[in-house]
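A.B. asks: Could you have a look at this structure, given as structure tokens, before my questions?
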Amino acid sequence: MSQWQLIPGLQLALDGPSGSGKGTVAKMVAEELGLPVLDTGLLYRLIGGLALQRTVALDDEQALVALVEEMLQKVAWTVDGISFDGENWTGRLRSEAVGNAASTVAALQPVRDLLLGLQRKIAESGCVMDGRDVGTVVLPNAQAKFFLTASVRERARRRWAQLKDDGGSSLEAVIDELKVRDQRDRERQHAPLRQADDAIVIDSTTMRVDEVVDRMLGVLERRGLIRS
Ligand code: DC
13 MSQWQLIPGL QLALDGPSGS GKGTVAKMVA EELGLPVLDT GLLYRLIGGL ALQRTVALDD
73 EQALVALVEE MLQKVAWTVD GISFDGENWT GRLRSEAVGN AASTVAALQP VRDLLLGLQR
133 KIAESGCVMD GRDVGTVVLP NAQAKFFLTA SVRERARRRW AQLKDDGGSS LEAVIDELKV
193 RDQRDRERQH APLRQADDAI VIDSTTMRVD EVVDRMLGVL ERRGLIRS
């Protein structure tokens with residue numbers, strides 16, 4: 013049981029670039045408050061992963077839309093991630109190749125439109141949702157919005173530390189890839205990564221995860237959204 017009392021239907025939006033730590037923080041805040049958590053990046057990663065597996069071209073809008081429609085029929089949430097057609101896909105969606113494919117398909121408006129309804133439905137009775145456009149597009153009325161960031165080098169270092177266990181690339185290569193992905197996510201025409209005007213920015217470059225979580229809980233408490 014959570015020690016906190018929450019206002020009914022509390023929605024928290026947590027956006028930020030790749031490697032900002034938003035996934036970890038979202039999970040911890042959700043657990044602390046007893047709310048469900050949705051990592052929206054997993055939806056885009058699943059489309060990217062399916063496209064790679066089926067060798068669908070990442071600019072073939074029609075085929076990708078068909079893929080999203082199929083995905084919406086067969087997707088399910090597992091305790092720690094996502095499954096498709098009864099198979100757990102979470103582990104294989106973590107690679108850089110899938111992340112890049114996700115970022116490419118995420119630039120297509122029809123793909124985003126199809127995923128919007130699902131995300132809003134999941135959030136209906138309250139949740140912590142993390143992504144790129146949660147505060148700006150998916151949940152513009154969320155009671156609290158956070159934008160988590162960190163320096164490129166620090167974000168790459170975190171990513172690299174995760175990948176290195178799988179025998180991954182050098183730190184410099186991860187920095188270069190991250191810059192490309194940041195640019196694509198920030199400069200795309202539809203729902204680009206940007207902080208909502210009413211978002212609170214937290215730079216986690218020199219902060220521990222628990223410090224970020226405490227800062228967020230403090231904001232929620234001061235605003236009367238949660239009470240201990
Ligand atoms: O957060 P992530 O690295 O798992 O996300 C993978 C890609 O998906 C990211 O580069 C951009 C895209 N994405 C998005 O466009 N909108 C979201 N709400 C979440 C992710």
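Here my numbering is used: position 20 in the sequence shown is 32, and no number is missing along the way. Heads up, the beta-carbon is just placed ideally off N, CA and C, and yes, glycines get one too.
To which residues of the same chain is Gly138 closer than 8 Å at the C-beta, ignoring the five residues directly before and after it?
C.D. replies: The residues are Leu18, Pro20, Gly21, Leu22, Gln23, Leu47, Pro48.
A.B. asks: Put Arg239 into one of helix, strand or coil per three-state DSSP.
C.D. replies: In this structure, Arg239 counts as strand in the three-state DSSP scheme.
A.B. asks: With burial defined as no fewer than 16 other Cβ atoms inside 10 Å of the residue's Cβ, what is the status of Val221: buried or exposed?
C.D. replies: Exposed is the call here.
A.B. asks: Going by C-alpha to C-alpha distance, which of Phe159, Ile94, Tyr56, Val123 sits closest to Val37?
C.D. replies: Taking only the C-alpha atoms, the option nearest Val37 is Phe159.
A.B. asks: Taking 7 Å as the cut-off, is the C-beta of Gly111 nearer than that to any heavy atom in the ligand MN?
C.D. replies: What this structure holds is the ligand DC, not the ligand MN.
A.B. asks: Which residues does DSSP pair with Ala88 in a beta bridge?
C.D. replies: Its beta-bridge partners are Ser95.
A.B. asks: Where does Gly129 land, buried or exposed, given buried means 16+ other C-beta within 10 angstroms?
C.D. replies: Result: exposed.
A.B. asks: In the DSSP assignment, find the unbroken beta strand (DSSP E) run with Gly143 in it and report its ends.
C.D. replies: That run of the beta strand (DSSP E) goes 139-143.
A.B. asks: From what residue to what residue does the alpha helix (DSSP H) around Leu243 run?
C.D. replies: The chain is shown only over 13 to 240; residue 243 falls outside these bounds and no answer can be derived.
A.B. asks: Does the segment 144-151 come close enough to the segment 89-109 that 3 or more CB-CB pairs lie under 8 Å?
C.D. replies: Flag = no, the segment 89-109 and the segment 144-151 do not touch.
A.B. asks: In the DSSP assignment, what residue or residues form a beta bridge with Val49?
C.D. replies: Paired residues: Val140.
A.B. asks: Work out the CA separation of Gln74 and Thr67 for me, nearest whole Å.
C.D. replies: Distance between the alpha carbons of Thr67 and Gln74: 14 Å.
A.B. asks: On the DSSP letters alone, give me the boundaries of the alpha helix (DSSP H) that Thr116 sits inside.
C.D. replies: Run containing Thr116: 108-117, per the alpha helix (DSSP H) assignment.
A.B. asks: Under a Cβ-count criterion, where at least 16 other Cβ atoms within 10 Å of its own Cβ denotes burial, should Pro29 be classed as buried or exposed?
C.D. replies: Looking at its Cβ environment, which holds 16 or more other Cβ atoms inside 10 Å, Pro29 is buried.
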